[in-house]
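Structure first, commentary second.
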Amino acid sequence: KLKERFKLSELPAEPLEALNSIAKKRGAVIFGGEIDYNRISNVILDEFRSGKIGKICLETL
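So this is what it looks like as structure tokens:
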């Protein structure tokens, strides 16, 4: 669901790479091309809380 929500062709397996890809798609990049991790983290959390991402299990299985 993350792939569709954030319009990614592929969702990287590594969490940091996935976060970077989502940040670039959403324009959460600061001066010098660095990722604004605070901003993109807030975007993802807000969308999770509002149900826009869909159902995601956060528990370890």
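Residue numbers (the working numbering): -2 to 58. A virtual CB, placed ideally from N, CA and C, is assigned to each residue, including glycine.
Per the DSSP calculation, residue i is bridged to which residue(s)?
| i | result |
| --- | --- |
| Ile32 | Val26 |
Helix, strand or coil for residue i per DSSP?
| i | result |
| --- | --- |
| Ala10 | coil |
| Leu42 | helix |
| Ser47 | coil |
| Ser1 | Reading off the sequence, residue 1 comes out as Glu, not Ser. It is helical. |
| Leu16 | helix |
| Lys52 | coil |
Looking at residue j and residue i, is the spacing between their C-beta atoms short of 8 Å?
| i | j | result |
| --- | --- | --- |
| Asp33 | Ala15 | no |
Which whole-angstrom value is the C-beta distance of residue i and residue j, which I expect to be below 8 Å?
| i | j | result |
| --- | --- | --- |
| Glu44 | Ile50 | 5 Å |
| Leu(-1) | Leu13 | The Cβ separation is near 14 Å, so there is no contact. |
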